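Residue numbers (the numbering used here), protein chains in the order written: chain Z, 50 to 299; chain E, 44 to 336.
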């Protein structure tokens, strides 16, 4: 579904240049849930933004669904890949109703717009049609994230990029959203790329994941590898160790 | 609701029947309802989801709530004196010097226009009355005590030039200047990476234990609280639903605590679907039985 070959990204020039991505390659199959883990600044979100078309200055090769992607994308190429961000409050316009927010991607894609389509999208994510007329501040964090998911899915994408989709939510709400995402993936045969700092969440959602550190992929693991401590890179070990429960110094 | 755990003879903080309401009359919202607990020289975790009142509790102890809030308590004793009745002037003597606070995000809690050294220096002058060379030596000593490797260099830096983890160390250093008896830490590690979080917790643990400080550790993270704290209070809709030693969190009795624990994905126990917490309206009732408003 997605092939990434030797992607690099550079900000700035000369001495002050920083490279959030430094030669990343990976392949993601159709219908797969693929995880990217690492600490802040490791380049995991940058990689996601390159795939999603939010970064333009990358070098290398990205192909999605068999066709190579150029730096500036056509609308139909944008439709295929949609994104859900960490903070749903920051990504919903405070003065647009939920209905307006869901119309927007349809308008941008030149797709037919109707109340029925919006209500269907809302019911897909477990919200009642009455949410169409509400504003973001009238929703809870979990409901907002459901709207953000509905907005991503309304144009019928093949790939959904999830950037820390539950880290702003309480654990009880996180469980609901993760279940919803798993169900939708099966139902609509979606491909997910999930970026998270939470290893347990990533292992729960993804069959395969990569560990990133300073702009590079250091190791690729399956969910089971992670569970059975079957890893080889010292950085992976450090990451796993520090995300285990804090134990008082003996 | 107060447990009869072994505490020091006089607890550092003793709270009975603490209530906080926002607004007046019919529209008033009860943010805290009838809370009672004691704090000794221990690490007490206040655990709850957003809106449970955990941060309000931390602020109510320091009387740092907005004017629309009304605080009432049968008793709010700090080391034997009633801060429930303390005036604003008396509270100024207590805040910082007796009860310190560490906030979630050093990016917002530090003054962006002031050098790190000068910010700590304010606390040193205010609480210890030190000036000049004496003051600088003390600041460098504080930076060293929170394991900042190069205190001389960090002294001259501005907050935007340091990392989140270092910022949080500086917050701890500032709080410790006055040698408070109690520290209230409101989600001190939530803005940090997992790798940095561990180092910071180790540091906090070490400092608090060595100085015999009572720590109130406010967090939404059950796993973290279990490993770090000695005792936990589980909060839900402004009340303490359950109190238990941190080591026996996995044997929690209350269905709310159990539900929260079960809804977390676990590395060691993969499942297809995560159990979803079903909220029982009975949890909203007053703990003593009567239905709240």
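Beta carbons are placed, not taken as given, at the ideal position from N, Cα and C, and that holds for glycine.
Note that the structure is a prediction, hence the values are computed from the model and not measured.
Under DSSP, the beta-bridge partners assigned to residue 143 (chain E) are E:226. The region 210-227 of chain E makes contact with the region 180-190 of chain E; the number of CB pairs closer than 8 Å reaches 3 or more. For residue 289 (chain Z), same chain residues with a beta-carbon under 8 Å away, outside a window of 5 residues either side, are 248, 275, 278 and 280 in chain order. Identification of chain Z residues near residue 202 (chain E) by a Cβ-Cβ cut-off of 8 Å yields none; the smallest Cβ-Cβ distance measures about 17 Å.
In the DSSP annotation of this structure, the continuous segment of the beta strand (DSSP E) that includes residue 81 (chain E) starts and ends at 72-82. In chain order, 88, 89 and 246 make up the part of chain Z whose C-beta sits under 8 Å from the C-beta of residue 236 (chain E). Counting only residues of its own chain and dropping the five nearest sequence neighbours on each side, residue 127 (chain Z) has a CB closer than 7 Å to the CB of 102. For residue 265 (chain Z), the enclosing beta strand (DSSP E) starts and ends at 265-271.
Counted as a single uninterrupted DSSP element, the alpha helix (DSSP H) harbouring residue 99 (chain Z) occupies residues 93-101. Counting only runs of 4 or more residues that sit fully inside the region 98-186 of chain Z, the alpha helix (DSSP H) segments are 124-129, 137-140, 147-157 and 164-173, in chain order. The residue among E:223, E:248, E:253 and E:304 with its C-alpha nearest the C-alpha of residue 87 (chain E) is E:248.
With respect to residue 211 (chain E), residue 149 (chain E) sits close: the two C-beta atoms are nearer than 8 Å. When only Cα atoms are considered, residue 233 (chain Z) and residue 157 (chain Z) end up about 23 Å apart. Put simply, the CB of residue 197 (chain E) is far from chain Z, with every gap to its CB atoms at 8 Å or more.
Approximately 6 Å separates the beta-carbon atoms of residue 218 (chain Z) and residue 191 (chain Z); this is inside 8 Å, confirming the contact. Around the beta carbon of residue 156 (chain E), a 10 Å sphere encloses fewer than 16 other beta carbons of the protein chains shown; the residue is thus reported as exposed.
In this structure, the CA atom of residue 142 (chain Z) is about 31 Å from the CA atom of residue 237 (chain E). Bounds of the beta strand (DSSP E) holding residue 259 (chain Z) are 257-262.
Residue 280 (chain Z): not part of any beta strand (DSSP E); DSSP gives it neither H nor E. For residue 188 (chain E), the enclosing alpha helix (DSSP H) covers residues 175-188. For residue 95 (chain E), there is no enclosing alpha helix (DSSP H), as DSSP marks it with neither H nor E. In the DSSP annotation of this structure, residue 88 (chain E) is not part of any alpha helix (DSSP H); the continuous beta strand (DSSP E) holding it starts and ends at 86-90. The contact set of residue 186 (chain Z) on chain E, defined by CB atoms closer than 9 Å, is empty, because the minimum CB distance reaches about 15 Å. Residue 220 (chain Z) is positioned such that its CB atom lies no closer than 8 Å to that of residue 131 (chain Z). Taken in chain order, the unbroken stretches of alpha helix (DSSP H) that lie wholly in the region 194-248 of chain E and span 4 residues or more are 194-198 and 207-220.
For residue 288 (chain E), the enclosing beta strand (DSSP E) begins and ends at 282-288. In this structure, DSSP gives residue 204 (chain Z) a state outside helix and strand, which the three-state scheme calls coil. Of the other Cβ atoms in all chains shown, 16 or more fall within 10 Å of the Cβ of residue 263 (chain E); this residue is therefore buried.
Proximity of residue 320 (chain E) to chain Z, defined by a Cβ-Cβ separation below 8 Å, is satisfied. Counting of Cβ neighbours within 10 angstroms places residue 179 (chain Z) among the exposed residues, the total staying below 16. Taking C-beta separations shorter than 6 Å and ignoring five residues to either side along the sequence, the partners of residue 251 (chain E) in its chain run 258, following chain order. Shown here, residue 69 (chain Z) sits in a strand according to DSSP, grouped into three states. Interface annotation, residue 197 (chain Z): not in contact with chain E, CB-CB separation never under 8 Å.
Taking the CA atoms as reference points, residue 110 (chain E) sits about 11 Å from residue 67 (chain E). Per DSSP, residue 117 (chain E) lies in no beta strand (DSSP E) segment and is marked neither H nor E. What residue 274 (chain Z) touches in chain E, judged by beta-carbon distance under 8 Å, is nothing: the nearest beta carbon there is about 11 Å away.
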